[in-house]
Amino acid sequence: MSPHQHMWVEKQNVVAGGDVQYVGPGVTVVDNDYQEGCMNDIRLDQHYLPMESGSEYAAVVEWRNLIDGCPSNNPCHGISCPRPFVCVDLWMLHECRCSPGFAITEDGKNCTDANECLSDPCLNGGTCMNRPHGEGFYCLCPDGFGGDLCGALRQEKIMRLSMAALAAILVCLLNILILVLVIVAYTRSRRPDQKFGHSGVDDDVRENIISYDDEGGGEDDMNAYDITPLRIPVDATGTPLGAKPGPEQAPSLEEVRRREPPPGGPQPDVGDFIRDHLDKADQDPSAPPLDDLRNYAYEGGGSTAGSLSSLASETDDNEQRFDYLNGWGPRFQKLADMYGQGESEED
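Okay, so the sequence shown: first residue is 136 according to our numbering, each after it adds one.
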(Lines of atoms letter the chains of each structure in order from A and count residues from 1; the text may use other names and numbers.)
(Lines give C-alpha, C1' and ligand atoms only; values in the text may rest on other atoms or scores of the structure.)
Protein backbone atom coordinates (compact mmCIF):
# COMPACT_ATOMS: atom_id res chain seq x y z
CA MET A 1 0.00 0.00 0.00
CA SER A 2 1.40 3.37 -1.01
CA PRO A 3 1.78 5.93 1.78
CA HIS A 4 0.20 8.64 -0.38
CA GLN A 5 -3.49 8.19 -1.23
CA HIS A 6 -5.63 10.22 -3.60
CA MET A 7 -9.12 11.08 -2.39
CA TRP A 8 -12.25 12.40 -3.95
CA VAL A 9 -13.31 15.58 -2.13
CA GLU A 10 -16.20 18.01 -2.31
CA LYS A 11 -15.78 21.52 -3.55
CA GLN A 12 -16.99 23.10 -0.29
CA ASN A 13 -15.55 20.87 2.43
CA VAL A 14 -12.68 18.42 2.66
CA VAL A 15 -13.24 15.41 4.89
CA ALA A 16 -10.32 13.16 5.83
CA GLY A 17 -10.77 9.74 7.43
CA GLY A 18 -14.11 8.66 5.97
CA ASP A 19 -16.94 9.10 3.51
CA VAL A 20 -19.49 11.44 5.04
CA GLN A 21 -23.07 11.52 3.78
CA TYR A 22 -25.43 14.34 4.81
CA VAL A 23 -28.90 12.83 5.11
CA GLY A 24 -30.59 15.75 6.83
CA PRO A 25 -30.05 18.92 8.80
CA GLY A 26 -27.44 18.05 11.40
CA VAL A 27 -27.57 14.31 10.50
CA THR A 28 -24.59 12.63 8.84
CA VAL A 29 -23.64 9.05 7.98
CA VAL A 30 -19.95 8.05 7.77
CA ASP A 31 -18.91 5.15 5.56
CA ASN A 32 -15.44 3.66 5.12
CA ASP A 33 -14.32 5.10 8.43
CA TYR A 34 -10.54 5.30 8.91
CA GLN A 35 -9.63 3.43 12.08
CA GLU A 36 -6.49 2.54 13.98
CA GLY A 37 -4.26 4.90 12.11
CA CYS A 38 -2.64 8.32 12.03
CA MET A 39 -2.93 11.16 9.55
CA ASN A 40 -0.33 13.82 8.90
CA ASP A 41 0.77 16.14 6.12
CA ILE A 42 -2.61 16.49 4.42
CA ARG A 43 -2.28 18.60 1.27
CA LEU A 44 -4.65 20.02 -1.29
CA ASP A 45 -3.25 21.24 -4.60
CA GLN A 46 0.24 21.09 -3.11
CA HIS A 47 -0.85 23.24 -0.14
CA TYR A 48 -0.50 22.00 3.40
CA LEU A 49 -3.78 21.65 5.32
CA PRO A 50 -3.51 22.20 9.10
CA MET A 51 -4.56 19.55 11.56
CA GLU A 52 -5.50 21.84 14.46
CA SER A 53 -5.58 25.54 13.68
CA GLY A 54 -6.23 27.47 10.49
CA SER A 55 -3.96 28.77 7.74
CA GLU A 56 -4.31 30.99 4.71
CA TYR A 57 -5.66 28.11 2.66
CA ALA A 58 -8.00 26.26 4.98
CA ALA A 59 -9.29 26.00 8.55
CA VAL A 60 -10.44 23.09 10.69
CA VAL A 61 -14.23 23.20 11.00
CA GLU A 62 -14.94 20.01 12.96
CA TRP A 63 -13.13 16.94 14.18
CA ARG A 64 -14.42 13.82 16.02
CA ASN A 65 -12.85 10.82 17.74
CA LEU A 66 -9.35 12.17 17.31
CA ILE A 67 -6.53 12.64 19.81
CA ASP A 68 -3.47 14.81 19.51
CA GLY A 69 -0.01 13.34 19.31
CA CYS A 70 -0.03 10.23 17.17
CA PRO A 71 2.99 8.18 18.32
CA SER A 72 5.43 6.97 15.70
CA ASN A 73 8.15 4.35 15.79
CA ASN A 74 10.82 6.97 14.93
CA PRO A 75 11.51 5.67 11.45
CA CYS A 76 14.42 8.11 10.86
CA HIS A 77 16.45 6.50 13.62
CA GLY A 78 19.63 5.08 12.07
CA ILE A 79 18.77 6.37 8.59
CA SER A 80 21.46 8.40 6.82
CA CYS A 81 20.33 10.25 3.70
CA PRO A 82 22.86 11.39 1.06
CA ARG A 83 23.63 15.07 1.12
CA PRO A 84 21.87 17.43 0.64
CA PHE A 85 18.78 15.35 1.53
CA VAL A 86 17.44 14.97 5.07
CA CYS A 87 15.25 12.26 6.60
CA VAL A 88 11.58 13.19 7.10
CA ASP A 89 9.28 11.24 9.45
CA LEU A 90 6.06 10.28 7.64
CA TRP A 91 4.69 8.28 10.62
CA MET A 92 5.92 4.76 10.59
CA LEU A 93 7.77 5.55 7.37
CA HIS A 94 10.65 7.80 6.37
CA GLU A 95 11.62 9.64 3.23
CA CYS A 96 14.75 11.50 2.15
CA ARG A 97 13.72 14.99 1.04
CA CYS A 98 15.19 18.42 0.54
CA SER A 99 15.30 20.83 3.47
CA PRO A 100 12.52 23.44 3.76
CA GLY A 101 13.07 26.26 1.23
CA PHE A 102 14.72 23.96 -1.30
CA ALA A 103 13.34 21.86 -4.15
CA ILE A 104 14.68 18.68 -5.72
CA THR A 105 16.27 18.98 -9.12
CA GLU A 106 14.88 17.30 -12.22
CA ASP A 107 17.40 14.49 -12.03
CA GLY A 108 16.44 13.83 -8.40
CA LYS A 109 20.04 13.92 -7.20
CA ASN A 110 20.40 17.41 -5.74
CA CYS A 111 18.47 20.27 -4.09
CA THR A 112 18.20 23.82 -5.30
CA ASP A 113 16.69 27.01 -3.93
CA ALA A 114 12.92 26.85 -4.27
CA ASN A 115 11.29 29.89 -5.84
CA GLU A 116 8.22 30.36 -3.69
CA CYS A 117 7.16 33.37 -5.79
CA LEU A 118 6.09 31.06 -8.63
CA SER A 119 2.81 30.43 -6.84
CA ASP A 120 2.29 34.21 -6.34
CA PRO A 121 1.56 34.03 -2.60
CA CYS A 122 1.28 37.83 -2.07
CA LEU A 123 -2.27 39.20 -1.90
CA ASN A 124 -3.88 42.53 -2.82
CA GLY A 125 -1.39 43.27 -5.58
CA GLY A 126 1.71 42.73 -3.46
CA THR A 127 5.06 41.99 -5.11
CA CYS A 128 6.77 38.73 -4.12
CA MET A 129 10.54 38.84 -3.56
CA ASN A 130 12.37 35.49 -3.28
CA ARG A 131 15.17 35.17 -0.71
CA PRO A 132 18.32 33.24 -1.70
CA HIS A 133 19.77 30.16 0.05
CA GLY A 134 16.36 28.73 0.89
CA GLU A 135 15.43 31.57 3.26
CA GLY A 136 11.90 31.87 1.84
CA PHE A 137 10.30 35.04 0.42
CA TYR A 138 8.82 38.39 1.43
CA CYS A 139 6.11 40.64 0.00
CA LEU A 140 6.24 44.32 -0.91
CA CYS A 141 2.75 45.54 -0.02
CA PRO A 142 0.99 48.48 -1.71
CA ASP A 143 -0.28 51.49 0.22
CA GLY A 144 -3.04 50.63 2.65
CA PHE A 145 -2.06 46.98 3.16
CA GLY A 146 0.39 45.14 5.41
CA GLY A 147 1.27 41.77 6.89
CA ASP A 148 3.48 38.93 5.67
CA LEU A 149 1.26 38.32 2.63
CA CYS A 150 -0.26 41.85 2.35
CA GLY A 151 -3.58 40.50 3.54
CA ALA A 152 -4.08 42.97 6.40
CA LEU A 153 -5.69 46.35 5.81
CA ARG A 154 -3.48 49.09 7.20
CA GLN A 155 -5.27 51.98 8.91
CA GLU A 156 -3.52 55.32 8.98
CA LYS A 157 -3.19 56.84 12.41
CA ILE A 158 -4.64 60.28 12.07
CA MET A 159 -5.10 62.42 15.13
CA ARG A 160 -8.51 63.98 14.97
CA LEU A 161 -9.95 66.33 17.58
CA SER A 162 -13.62 66.56 18.24
CA MET A 163 -15.37 69.89 18.52
CA ALA A 164 -15.69 69.48 22.30
CA ALA A 165 -11.94 68.88 22.72
CA LEU A 166 -11.11 71.85 20.48
CA ALA A 167 -13.47 74.11 22.46
CA ALA A 168 -11.91 72.97 25.76
CA ILE A 169 -8.42 73.80 24.47
CA LEU A 170 -9.51 77.26 23.33
CA VAL A 171 -11.16 77.98 26.70
CA CYS A 172 -7.98 76.96 28.56
CA LEU A 173 -5.83 79.21 26.37
CA LEU A 174 -8.23 82.13 26.91
CA ASN A 175 -8.13 81.65 30.70
CA ILE A 176 -4.33 81.58 30.68
CA LEU A 177 -4.23 84.79 28.63
CA ILE A 178 -6.62 86.57 31.02
CA LEU A 179 -4.57 85.42 34.03
CA VAL A 180 -1.36 86.77 32.50
CA LEU A 181 -3.00 90.15 31.78
CA VAL A 182 -4.30 90.40 35.36
CA ILE A 183 -0.85 89.64 36.79
CA VAL A 184 0.80 92.25 34.55
CA ALA A 185 -1.77 94.91 35.46
CA TYR A 186 -1.44 94.19 39.18
CA THR A 187 2.36 94.36 39.00
CA ARG A 188 2.31 97.71 37.19
CA SER A 189 -0.19 99.15 39.69
CA ARG A 190 2.06 98.18 42.58
CA ARG A 191 4.99 100.21 41.15
CA PRO A 192 3.69 103.75 40.40
CA ASP A 193 7.10 105.30 41.11
CA GLN A 194 8.65 103.48 38.16
CA LYS A 195 5.75 104.39 35.93
CA PHE A 196 6.07 108.16 36.51
CA GLY A 197 9.82 108.26 37.05
CA HIS A 198 9.87 109.20 40.79
CA SER A 199 12.62 107.48 42.74
CA GLY A 200 11.35 108.33 46.25
CA VAL A 201 9.87 110.91 48.62
CA ASP A 202 13.31 112.18 49.64
CA ASP A 203 13.96 113.35 46.07
CA ASP A 204 10.69 115.28 45.89
CA VAL A 205 11.41 119.01 46.17
CA ARG A 206 7.84 120.20 46.59
CA GLU A 207 7.38 122.51 49.60
CA ASN A 208 4.30 120.80 50.99
CA ILE A 209 6.09 117.50 51.67
CA ILE A 210 7.99 117.27 54.98
CA SER A 211 9.74 114.16 56.26
CA TYR A 212 9.62 113.67 60.01
CA ASP A 213 12.15 111.28 61.55
CA ASP A 214 12.00 112.44 65.19
CA GLU A 215 9.90 110.65 67.76
CA GLY A 216 6.74 112.53 68.64
CA GLY A 217 6.68 114.29 65.27
CA GLY A 218 4.01 116.79 64.36
CA GLU A 219 4.71 119.14 67.24
CA ASP A 220 6.68 121.62 65.13
CA ASP A 221 5.17 124.72 63.61
CA MET A 222 3.70 123.57 60.29
CA ASN A 223 3.56 127.18 59.00
CA ALA A 224 7.24 127.84 59.81
CA TYR A 225 6.24 131.05 61.57
CA ASP A 226 9.10 133.06 63.09
CA ILE A 227 8.10 134.13 66.63
CA THR A 228 11.15 136.38 67.02
CA PRO A 229 9.17 139.59 66.26
CA LEU A 230 6.78 138.76 69.12
CA ARG A 231 9.57 138.86 71.69
CA ILE A 232 10.57 142.16 73.24
CA PRO A 233 13.77 141.52 75.17
CA VAL A 234 14.76 144.02 77.84
CA ASP A 235 17.96 144.61 79.71
CA ALA A 236 18.49 144.93 83.45
CA THR A 237 17.20 148.50 83.45
CA GLY A 238 13.96 147.57 81.65
CA THR A 239 14.97 149.14 78.33
CA PRO A 240 13.89 147.06 75.25
CA LEU A 241 16.77 145.60 73.26
CA GLY A 242 16.91 145.46 69.48
CA ALA A 243 15.44 142.30 68.02
CA LYS A 244 18.00 140.03 66.53
CA PRO A 245 17.26 137.74 63.56
CA GLY A 246 16.82 134.08 64.27
CA PRO A 247 15.79 132.27 67.44
CA GLU A 248 16.70 133.87 70.76
CA GLN A 249 17.11 132.31 74.21
CA ALA A 250 16.26 133.94 77.53
CA PRO A 251 19.30 134.95 79.63
CA SER A 252 20.24 132.70 82.50
CA LEU A 253 20.25 133.75 86.15
CA GLU A 254 24.04 134.02 86.22
CA GLU A 255 24.01 136.41 83.26
CA VAL A 256 21.42 138.56 85.01
CA ARG A 257 23.62 138.69 88.09
CA ARG A 258 26.62 139.79 86.05
CA ARG A 259 24.59 142.54 84.40
CA GLU A 260 22.87 143.84 87.57
CA PRO A 261 23.20 147.63 88.05
CA PRO A 262 24.58 149.19 91.16
CA PRO A 263 22.07 149.78 93.94
CA GLY A 264 20.27 153.03 93.97
CA GLY A 265 18.02 154.89 91.60
CA PRO A 266 14.34 154.49 91.01
CA GLN A 267 12.84 151.07 91.63
CA PRO A 268 10.67 149.64 88.80
CA ASP A 269 7.08 148.57 89.36
CA VAL A 270 6.55 144.91 88.35
CA GLY A 271 2.77 145.21 88.13
CA ASP A 272 2.89 148.14 85.75
CA PHE A 273 5.45 146.33 83.64
CA ILE A 274 3.28 143.23 83.32
CA ARG A 275 0.09 145.20 82.60
CA ASP A 276 1.87 147.22 79.96
CA HIS A 277 2.99 144.11 78.11
CA LEU A 278 -0.43 142.48 78.45
CA ASP A 279 -2.04 145.50 76.83
CA LYS A 280 0.45 145.39 73.98
CA ALA A 281 -0.20 141.69 73.40
CA ASP A 282 -3.99 142.12 73.48
CA GLN A 283 -3.92 144.99 71.00
CA ASP A 284 -1.53 143.29 68.55
CA PRO A 285 -3.65 141.83 65.68
CA SER A 286 -0.85 139.54 64.52
CA ALA A 287 -0.14 138.06 67.93
CA PRO A 288 -1.01 134.41 68.57
CA PRO A 289 -3.05 132.43 69.19
CA LEU A 290 -4.30 132.30 65.60
CA ASP A 291 -7.72 130.93 64.72
CA ASP A 292 -6.67 127.48 63.55
CA LEU A 293 -7.01 123.89 64.69
CA ARG A 294 -3.92 122.10 65.94
CA ASN A 295 -3.50 118.58 67.24
CA TYR A 296 -0.87 118.02 69.89
CA ALA A 297 0.39 114.72 71.24
CA TYR A 298 1.85 115.09 74.70
CA GLU A 299 4.15 112.54 76.26
CA GLY A 300 3.49 112.75 79.99
CA GLY A 301 1.67 115.43 81.95
CA GLY A 302 2.53 119.10 82.21
CA SER A 303 3.92 120.82 85.29
CA THR A 304 1.48 122.14 87.88
CA ALA A 305 1.04 125.88 88.27
CA GLY A 306 2.07 127.64 91.50
CA SER A 307 1.84 131.13 92.96
CA LEU A 308 4.67 133.61 93.15
CA SER A 309 4.59 133.40 96.92
CA SER A 310 5.86 129.83 96.71
CA LEU A 311 9.16 130.89 95.18
CA ALA A 312 10.60 131.67 98.59
CA SER A 313 9.81 128.18 99.90
CA GLU A 314 11.19 126.37 96.85
CA THR A 315 14.70 127.80 96.95
CA ASP A 316 17.62 125.52 97.52
CA ASP A 317 19.84 125.44 100.55
CA ASN A 318 22.49 127.62 98.91
CA GLU A 319 22.45 131.16 100.19
CA GLN A 320 21.36 133.63 97.51
CA ARG A 321 21.29 137.41 97.52
CA PHE A 322 18.48 139.29 95.77
CA ASP A 323 19.61 142.83 96.49
CA TYR A 324 20.21 143.33 92.79
CA LEU A 325 16.44 143.36 92.27
CA ASN A 326 16.32 146.84 93.77
CA GLY A 327 18.21 148.08 90.77
CA TRP A 328 15.63 146.91 88.24
CA GLY A 329 13.46 149.92 88.67
CA PRO A 330 10.02 150.69 90.12
CA ARG A 331 8.31 147.97 88.05
CA PHE A 332 10.13 145.23 89.97
CA GLN A 333 9.85 146.95 93.36
CA LYS A 334 7.19 144.53 94.63
CA LEU A 335 9.31 141.54 93.64
CA ALA A 336 12.34 143.10 95.36
CA ASP A 337 10.31 143.80 98.50
CA MET A 338 9.00 140.22 98.55
CA TYR A 339 12.47 138.70 98.26
CA GLY A 340 13.96 141.24 100.62
CA GLN A 341 11.28 140.44 103.18
CA GLY A 342 12.14 136.75 102.89
CA GLU A 343 15.80 137.43 103.55
CA SER A 344 15.03 139.56 106.58
CA GLU A 345 12.85 136.81 108.04
CA GLU A 346 15.64 134.28 107.55
CA ASP A 347 18.09 136.60 109.25
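Beta carbons: idealized from backbone N, C-alpha and C, even for Gly.
query	result
Cut-off 7 angstroms between Cβ atoms - residues of its own chain near Arg289, not counting five sequence neighbours on either side	Gly279, Phe280, Gly281
Distance between Cys274 and His268 (C-alpha atoms, nearest Å)	17 angstroms
Opposing strand residues paired with Asp76 [DSSP bridges]	The structure shown has nothing for residue 76, since the chain only spans 136 to 482.
Separation of Lys415 from Gln84, as counted between CA atoms	It is not possible to answer for residue 84, since the shown part of the chain is limited to 136 through 482.
Start-end ranges of the beta strand (DSSP E) lying completely within the region 235-278, minimum 3 residues	237-239, 246-248, 262-265, 272-275
Check whether Cys285 and Leu258 have beta carbons under 8 angstroms apart	yes
Nearest neighbour of Arg456, chosen from Tyr474, Pro160, Asn245 [CA to CA]	Tyr474
Buried versus exposed call for Arg295 [16 or more other C-beta atoms within 10 Å across all chains shown]	exposed
Inter-residue Cα distance where the pair is Asp203 and Tyr157	26 angstroms
From Gly261, Ala287, Asn265, Glu270, residue whose alpha carbon lies closest to that of Pro277	Gly261
Within 8 angstroms, strictly: CB atoms of Cys246 and Phe237	yes
Span of the alpha helix (DSSP H), counted from its first residue to its last, around Gly406	405-418
Helix, strand or coil at Pro380 [DSSP, three-state]	Reliability fails at Pro380, whose pLDDT of 47 lies under 50, so the model's placement of it is uncertain and the value that follows must be treated cautiously. In this structure, Pro380 counts as coil in the three-state DSSP scheme.
Proximity below 8 angstroms, CB of Val196 to CB of Asn265	no
Endpoints, the beta strand (DSSP E) within which Leu184 is located	182-184
DSSP state of Met473 mapped onto helix, strand, coil	helix
Helix, strand or coil at Gln468 according to DSSP, with G and I counted as helix	helix
C-alpha gap between Ile318 and Ala302, whole angstroms	25 angstroms
Ala303, DSSP secondary structure in three states	helix
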